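Protein chains: 2
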Amino acid sequence: MTTGSSLMNTVTLTGNEYLLVYNVFSLVVASMFAAFVYFLMNASQVAKQYRNAVVVSAVVVGIAGYHYFRIFSGWSDGQFNEGYRYADWLLTVPLLLIELLIVLGLSSEKRRPLTIRLVTAAVLMIGLGYPGEISTSDSTKWIFWALAMIPFIYILAILYKEITAATKRESAGVAQALRLALGLLLLAWLVYPIAYLFPIIFGEDSSMAETVRQVGYSVADLLAKPVYGLAILAVAKLRTREEAPSAN
Amino acid sequence: MTTGSSLMNTVTLTGNEYLLVYNVFSLVVASMFAAFVYFLMNASQVAKQYRNAVVVSAVVVGIAGYHYFRIFSGWSDGQFNEGYRYADWLLTVPLLLIELLIVLGLSSEKRRPLTIRLVTAAVLMIGLGYPGEISTSDSTKWIFWALAMIPFIYILAILYKEITAATKRESAGVAQALRLALGLLLLAWLVYPIAYLFPIIFGEDSSMAETVRQVGYSVADLLAKPVYGLAILAVAKLRTREEAPSAN
Chain A
0 MTTGSSLMNT VTLTGNEYLL VYNVFSLVVA SMFAAFVYFL MNASQVAKQY
50 RNAVVVSAVV VGIAGYHYFR IFSGWSDGQF NEGYRYADWL LTVPLLLIEL
100 LIVLGLSSEK RRPLTIRLVT AAVLMIGLGY PGEISTSDST KWIFWALAMI
150 PFIYILAILY KEITAATKRE SAGVAQALRL ALGLLLLAWL VYPIAYLFPI
200 IFGEDSSMAE TVRQVGYSVA DLLAKPVYGL AILAVAKLRT REEAPSAN
Chain B
0 MTTGSSLMNT VTLTGNEYLL VYNVFSLVVA SMFAAFVYFL MNASQVAKQY
50 RNAVVVSAVV VGIAGYHYFR IFSGWSDGQF NEGYRYADWL LTVPLLLIEL
100 LIVLGLSSEK RRPLTIRLVT AAVLMIGLGY PGEISTSDST KWIFWALAMI
150 PFIYILAILY KEITAATKRE SAGVAQALRL ALGLLLLAWL VYPIAYLFPI
200 IFGEDSSMAE TVRQVGYSVA DLLAKPVYGL AILAVAKLRT REEAPSAN
């Protein structure tokens, strides 16, 4: 019988490459849980209508902290389960979009259909990436990469349009913080489709490529979750201050 | 194949030296998590504009508690990963500076550029220390020690200048608490560059030097994080009382 653990990938990195990825994973665990506490403690500092954006930020980094804890533990034991990343993204990517929609200042009539479209596209994007990620065939990897890029571009196009519209409506401070959030998302999200292609470009056996890929995913997750969450919190705090000047 | 665990340093201390470090690490874990709860419970006791200084204190001791828990577990298994200390400092040193800046009472126009300069210097300081720490060559250790001392002195010079200016503006109570925070930082931070040099001065194989070094780092971390956090909390509480006497 095939046991569960024998299905996982064996960690092939050694020496300083192994240790760098090990330390980066541990640093991400610490960062995610630190951000979790920070967001929870700051949720009550923003007006009610934006509070859930901050709560969702906390939930996202909590989910990511859990997954990085499991990834780190596996790595310590010499095993790697790529599935953790996809389970994490399946949960957190829709939530990251929901955070942004809450602080965009849209009417609920406008927000609801936008939420449904973006969440559906996000689930499709992650779902289509997975078969390519686990496949060892280059052509399968390319096909699912191309398919996942369709919802990827669709999401970014909608966000770009909505944020451009919002920055025209809003104060300079809010507009700047919204542009920062979008910029962080763009920067981080560009890492994922590139890191995904590393095994094709450099070969499955390149330890350098695998090291850069794991560190790249980790840095992208830090930018897309805790740092992005700080930008969302900044928008929520600025809006709170602008809408009730006396309260601050 | 080299397994991951064989890459870590093997703990070479034995007998009472091993046991002393073991017990000190465990004491630090308990202290950090105790301080975590205390700071979280006290955050709501200070005015809104200083609250995040206390929340950041909680986050810092939480991150340090996580890293000491991992260091302690490794030590129990006879292994030591110096990377944990650097991952911890990379996250916590910028946060310690941010805490202080929040309670210094600066305008946000003054605070923002100062935050960027100090955080950049802190990241440089830790990043430059690491290559020397993991090197076994004395000359490499000295070079990176000297390089890391540049941002180290830059940070302390800025803090000294800002705190001297603040103590002139502020009440005697706030001034005293700010001087205490700076004094704790100075005292703790002097331990790090000295402990770093122990392997050069006493040789890599001196078990006495390694014992003093690990205990020294631990005591410095206690002074620089929970005890320093108490000084920050004192500043925040005094300011809260002075700015709204009726609220207390």
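Note that the protein sequences, when read in sequence, are chains A and B. First residue of the first sequence: 0, per numbering that gives the first Met the number 0; consecutive thereafter. First residue of the second sequence: 0, per numbering that gives the first Met the number 0; consecutive thereafter. Beta carbons are placed, not taken as given, at the ideal position from N, Cα and C, and that holds for glycine. Since the structure is predicted, the reported quantities are computational estimates derived from the model, not experimental observations.
- For the C-beta of A/N22, the chain B residues within less than 9 Å are, from N- to C-terminus, N80, G82, Y83, Y85, A86.
- Contact note: B/A57 reaches chain A through V36, using a C-beta cutoff of 7 Å and chain order.
- Bounds of the alpha helix (DSSP H) holding A/P130 are 107 to 133.
- Going by DSSP, B/D76 is part of no alpha helix (DSSP H) at all; its letter is neither H nor E.
- The shortest CA-to-CA distance from B/V23 to any of B/A42, B/Y49, B/S72, B/K167 is the one to B/S72.
- At least one C-beta of chain B is nearer than 8 Å to the C-beta of A/L18.
- Membership of A/S138 in the alpha helix (DSSP H) is indicated by the continuous run 137 to 168.
- Annotation for A/V45: A52, V53, L232, A235, K236, R238, T239 place their beta carbon closer than 8 Å to its own, counting only its chain and skipping 5 residues before and after.
- Listed along chain A, the residues sitting closer than 8 Å to B/V54 by beta-carbon distance are V36, Y37, M40, N41.
- A check of alpha carbon separations from B/K160 across B/Y216, B/A147, B/R178 identifies B/R178 as the nearest.
- At least one C-beta of chain A is nearer than 8 Å to the C-beta of B/G61.
- For A/T9, the pairing in a beta bridge is given by DSSP as A/Q78.
- Note that the C-beta distance between A/A34 and A/V60 is below 8 Å.
- Between B/Y21 and the set B/V214, B/V173, B/I125, B/Y153, the nearest pair of CA atoms involves B/V214.
- Using beta-carbon distances, A/Q175 does not count as an interface residue toward chain B, since no partner is under 8 Å.
- Proximity of B/L90 to chain A, defined by a Cβ-Cβ separation below 8 Å, is satisfied.
- Annotation: the continuous alpha helix (DSSP H) that includes A/P192 extends over 171 to 201.
- Between the segment 198 to 205 of chain A and the segment 147 to 161 of chain A there are fewer than three inter-stretch CB-CB distances shorter than 8 Å, so the stretches are not counted as touching.
- Among the CB atoms of chain B, one or more fall inside 8 Å of the CB of A/S30.
- Exposed is the label assigned to B/D76, since fewer than 16 other Cβ atoms lie within 10 Å of its Cβ.
- Judged by DSSP secondary structure, A/A33 falls within the alpha helix (DSSP H) whose first and last residues are 14 to 41.
- Where A/Q213 is concerned, the enclosing alpha helix (DSSP H) starts and stops at 206 to 221.
- Taking 8 Å as the CB threshold, B/K236 stays off the interface with chain A.
- Counting only the Cα atoms, B/E241 lies some 32 Å from B/Y153.
- Spatial neighbours of A/A230 in its own chain (CB-CB distance under 7 Å, excluding positions within 5 residues in sequence) are listed in chain order as A176, L179, A180, L183.
- The C-beta of A/Q44 comes closer than 8 Å to at least one C-beta of chain B.
- For the 8 Å CB-CB criterion, A/I125 and A/Y85 form a contact.
- A/I200 sits away from A/K140, with the two beta carbons spaced by 8 Å or more.
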